[in-house]
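Each residue of the sequence shown is one higher than the one before, starting from 38 at the first, in the working numbering.
Cβ atoms here follow ideal geometry from the backbone N, Cα and C, with glycine treated the same way.
Note that this is a predicted model, so its numbers are computed, not measured.
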Amino acid sequence: MKYLAKRDYNSPMVSAFDSLFNDMLGDWGLMPSRFPAVDIVENDDAYVLEAELPGYKQEEVKVQVEKHVLKLSSAKQSKKEEKDKRRLVSERCYQCFERSFTLPEDVDEEKIEGAFADGLLRLTLPKKEVAKPKAIEVKIT
Numbered sequence: 038m039k040y041l042a043k044r045d046y047n048s049p050m051v052s053a054f055d056s057l058f059n060d061m062l063g064d065w066g067l068m069p070s071r072f073p074a075v076d077i078v079e080n081d082d083a084y085v086l087e088a089e090l091p092g093y094k095q096e097e098v099k100v101q102v103e104k105h106v107l108k109l110s111s112a113k114q115s116k117k118e119e120k121d122k123r124r125l126v127s128e129r130c131y132q133c134f135e136r137s138f139t140l141p142e143d144v145d146e147e148k149i150e151g152a153f154a155d156g157l158l159r160l161t162l163p164k165k166e167v168a169k170p171k172a173i174e175v176k177i178t
């Protein structure tokens, strides 16, 4: 292992250099908080939530509703499998996130639907049908 170089993390040049590239490339253009960007739109009969999840597959994303809270979460690990090489260093990437949203009272939780395509999760949260007020005739004597 004569070619393995060790870093001196106390060196000002190394830490400045690492800092520059970690700041520029560390999160690969994702939000610094590493939460997926979410848009929520309300229309007459439903709320629509769209979450941007580039690089994620449908089976890596979990959607749950419990006690009027919608939870989006994922945990994935990237691992390179190269068998015919003499490996000196092996690094892995582990990504996870969890976002929770308190649902409005008018959401029909039993009818929530979702679709996942091209890194975009789209959830449709239909509203409950509200009983329309009806006029009651009151007799006055």
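Practice task
Starting from the C-beta of V98, find all residues in its chain whose C-beta is less than 8 Å away, skip the five residues before and the five after it, and write them out in chain order.
Solution key: What you label residue 98 is simply residue 61 of the sequence shown in a count that begins at 1. Same-chain partners within the cutoff: L90, L109, S110, S111, F153, L158.
Handout entry: Helix, strand or coil at K164 according to DSSP, with G and I counted as helix
Key = One-based indexing of the sequence shown puts residue 164 at position 127. Strand.
Practice task
Take Q132 as the anchor and find which of D143, Q114, E142, K165 has the nearest alpha-carbon.
Solution key: Position 95 of the sequence shown, counting from 1, holds the residue named residue 132. It is Q114 whose Cα lies nearest to the Cα of Q132.
Exercise for the section: Compute the Euclidean distance between the alpha carbons of N80 and V102, then round it to the nearest angstrom. Expected result: Taking the first residue of the sequence shown as 1, we reach residue 80 at position 43. Taking the first residue of the sequence shown as 1, we reach residue 102 at position 65. Each residue's Cα considered, the two are about 21 Å apart.
Exercise for the section: Please name the residue or residues paired with L107 in a DSSP beta bridge. Expected result: Working through the sequence shown from its first residue, we reach residue 107 at position 70. Answer is V102, F138.
Handout entry: Option in D76, Q95, V106 with minimal Cα separation from E142
Key = Position 105 of the sequence shown holds residue 142. Out of D76, Q95, V106, V106 has the C-alpha closest to the C-alpha of E142.
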